[in-house]
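For the working numbering, add 18 to where a residue sits in the sequence shown, where the first one is 1. Beta carbons are placed, not taken as given, at the ideal position from N, Cα and C, and that holds for glycine. All of these numbers come straight from a predicted model, not from anything done at the bench. In what follows, a structure is listed as structure tokens, so that the remarks can point back to it.
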Amino acid sequence: MTRQEVDQYVRQVLESEFDCDVSILNEETNIFETFDLDSIDAVDIVVRVQKEYGISLQAEDFKLVRNYGDLLDVISKAAVGAA
């Protein structure tokens, strides 16, 4: 899976499950502040990504996630490692 495919899927989740306006989303967007998401929402996103791509993501993987681009990097890296 490519980073672009990850981006498309996460945008779909944000839009359909959290009613986020993904048209304002870019690499530097802090999705938690911009879309008023909390830690429960973050867990929901992670679980959906894990199920979709059959990957395992750990809490420590997200320690350096500060924006949407960082999130895509973490997911993409895990997907490459699982392939």
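{"Query": "ASN48 vs ARG84 beta-carbon contact at 9 Å", "Result": "yes"}
{"Query": "Inter-residue CB distance, ALA97 and ILE73 (contact presumed, cutoff 8 Å)", "Result": "5 Å"}
{"Query": "Nearest-angstrom Cα separation, counted from VAL40 out to TYR27", "Result": "12 Å"}
{"Query": "Through-space distance from GLU70 to SER94, alpha-carbon basis", "Result": "13 Å"}
{"Query": "Contacting residues, own chain, Cβ-Cβ under 8 Å from ASP56 (five flanking each side not counted)", "Result": "PHE50"}
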